[in-house]
């Protein structure tokens, strides 16, 4: 994205830039709490020359293109969260059926059963909300961005809780690298930040709620 016109969003345009162009510098690979398989680096542009034919869309559409990309990105992050929560739920379900205390599997404890029931409900609720948001995007619904914000907020919060509960069900074993739960928890935490923090998602949602007839458009 680069400013090609005056102030404000209408002065921004989008371009494809060759990653090997002169003037592009890549920072160090950051050491992160999670998502260690994905490299994260700063990218700096200094006097980078980009041909005019590399323009995406029309001049002045850059901000709109970026905002439209965010809707898809928020669905993607939510689906990543759901996939990880599903894996954590499956791991925890197998573990509680194998782990015994006082001669019986801990799966026979009602407290454990209730946790599994809540974890499954949360995972499915998150997945269905994302499907709804994706359908709004596919159908060019005027409220698609609000649905994407709701889906991203709900799914990433719920799925982090699912993985955290899965770790808890493993007791001390869940904290060991030998088991995948500690990685699931670390990886899921950043989903509440990426593609707009969940606090920003609440801002987007509340703006729609407070508009005239806002609630009637979200049913």
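Numbering (the working numbering), first residue to last: 60 to 278.
From the three backbone atoms N, C-alpha and C, an ideal C-beta is built for every residue, glycine too.
Going along the chain, which residues of its own chain have a beta-carbon closer than 6 Å to the beta-carbon of residue i, five neighbours each way excluded?
i	result
residue 250	136, 140 and 215
residue 225	147, 151 and 240
Taking the alpha-carbon positions, what's the residue i to residue j distance?
i	j	result
residue 71	residue 130	19 Å
residue 230	residue 155	11 Å
residue 63	residue 118	7 Å
residue 170	residue 259	35 Å
residue 257	residue 208	8 Å
residue 233	residue 61	46 Å
residue 178	residue 245	18 Å
residue 79	residue 73	18 Å
I'd like to confirm the pairing. Which residues does DSSP put opposite residue i in its beta bridges?
i	result
residue 71	62
residue 114	74
residue 219	None, per the DSSP bridge assignment.
residue 283	Outside the displayed span of the chain (60 to 278) sits residue 283, for which this structure offers no information.
residue 104	83
Mapping DSSP to helix, strand and coil, what is residue i?
i	result
residue 84	strand
residue 161	coil
residue 138	helix
residue 264	helix
residue 190	helix
residue 255	coil
residue 278	coil
residue 209	helix
residue 229	coil
residue 171	helix
residue 197	helix
Can you tell me which of the options puts its alpha carbon nearest to the alpha carbon of residue i?
i	options	result
residue 190	172, 171 and 211	211
residue 143	186, 168 and 192	186
residue 247	222, 160, 263 and 235	222
residue 204	91, 65, 262 and 111	262
residue 107	76, 66 and 116	76
Please work out which residues of its chain come closer than 8 Å, Cβ to Cβ, to residue i, disregarding the five sequence neighbours upstream and downstream, and give them in chain order.
i	result
residue 88	98, 99 and 100
residue 159	165
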